[in-house]
Amino acid sequence: MRAVVVTTFGGPEAVRVVETEIPEPGARQVRIKVAAASLNPVDAGVRAGAFGGAGKQLGLGWDVAGTVDAVGAAGAWRVGDEVIALHHAMGRPLGTHAEYVVADADAVAKAPAGVDAAHAATLPLNALTAVQALDLMELTPGQALLVTGAAGAVGGFAVQLAAQRGISVTALARPADEEFVRALGAAEFTSEGVAAASVDAVLDAAVLGARALTWVRDGGAFTGVIPQAAPAPERGVRTGAVEVTADGTRLTELVALVEKAVLTLRVAGTYPLADAATAHARLAEGGVRGRLVLVP
């Protein structure tokens, strides 16, 4: 099968498509024939060497949408099931940017009905990151949350999920994105920031760090999206960062929200697997709204 990997770090030119053996599922695993797999900033970070692994083959891709092709022992899934999954590719020789991928059975959820594979593939990593970040902050209805990078993939899901919980959301994004983020459910909009200590919590999807922390009230909460990169606590503000985990049960709940039109799936463009380097180059240009998706 074909798979997208890096063996040396660098820019988009470091991305390689190689031939490798089709992986076999172990106990409580499934093999998925990939129909679509989204490209995320974490993939660019792996490609550039931000997470280490020099001298190794590193697979790219965390999200997958496709069809169960084989099941290991004690598997609850059946061959032919249309599914999505989050596959932790960090440090592994193969990710979801491939023709087949093996995933843990408990990381898999049924694909959303009425949604094509490219759109379905944009859900797992970003929506699970958003919902798990919100869980960390333990906000209650009526509290005020600022989401930075609100027009991005994680930020957009966070706005919708928080609004659904009855949380008052202020969206921080570029001026051109105001209409869009308000349509997602943001009650307020800013392109510059808010007054110091004026919101109960910040979900910092734009990685503003210490600057965003100043906007949180004393005793509030700050959650970032890059582990070990959150600013130090101050004024009683709890600080931390989400470390996304695969969770098929939670992913199933998110699929239900897609089917109820609570969550919006966005595809910025699709590329053949063979053109993975071109997709990386487009991601590096910036300004992408939605996810770029690789299609084997």
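Taking the numbering used here, I'd label the letters of the sequence shown as residues 102 to 397. We put the CB at the ideal spot given by N, CA and C, even for glycine. Note that the structure is a prediction, hence the values are computed from the model and not measured.
Do you know how far the Cα of residue j is from the Cα of residue i?
i    : j    : result
A380 : G337 : 43 Å
P126 : V116 : 26 Å
V300 : L226 : 27 Å
A263 : R392 : 21 Å
R367 : G156 : 35 Å
A212 : G267 : 27 Å
T346 : I327 : 13 Å
V359 : T223 : 11 Å
T353 : G250 : 25 Å
G150 : F110 : 5 Å
D170 : G181 : 6 Å
G243 : A382 : 42 Å
E183 : F290 : 38 Å
R148 : V107 : 6 Å
A186 : V118 : 22 Å
T315 : A221 : 36 Å
V248 : T241 : 16 Å
A204 : T350 : 14 Å
V172 : A298 : 52 Å
A375 : V317 : 45 Å
L159 : V165 : 17 Å
D305 : L140 : 21 Å
S319 : E239 : Per the sequence presented here, residue 319 reads as Asp, with Ser not at that position. C-alpha separation (whole angstroms): 15 Å.
Three-state secondary structure (DSSP) at residue i?
i    : result
P373 : strand
A330 : coil
T398 : Because the chain spans 102 through 397 in this model, residue 398 falls outside it and cannot be assessed.
D207 : helix
R132 : strand
T168 : strand
V343 : coil
L309 : coil
F281 : helix
D217 : coil
E122 : coil
R275 : coil
F258 : helix
L235 : helix
V147 : helix
T315 : coil
E293 : coil
G320 : strand
A212 : coil
R117 : strand
Our contact map puts residue i next to residue j with C-beta atoms below 8 Å; I'd like the distance itself, whole angstroms only.
i    : j    : result
V255 : V282 : No, V255 and V282 are not in contact; Cβ-Cβ is about 13 Å, not under 8 Å.
S269 : A245 : 5 Å
T365 : L285 : 7 Å
G154 : T197 : About 17 Å; that fails the 8 Å criterion.
Leaving out five residues on either side along the sequence, give the residues of the same chain with a beta carbon under 8 Å from the beta carbon of residue i.
i    : result
A252 : A272, A274, R275, D278, F281, V282 and R390
S292 : L273, A274, R275, P276 and E279
T371 : A137, A219, L393, V394, L395 and V396
Using the DSSP secondary-structure output, state which residues sit across from residue i in a beta bridge.
i    : result
G325 : D305 and A342
G160 : V106
L395 : A138 and Y372
L358 : Bridge partners of L358: none, in fact.
E183 : T168
E335 : V338
A199 : A104
Could you pull out every residue in the same chain whose Cβ sits closer than 6 Å to the Cβ of residue i, ignoring the five residues on either side in sequence?
i    : result
G167 : I133, K134, V135 and A136
P332 : G310, A311, L314 and T340
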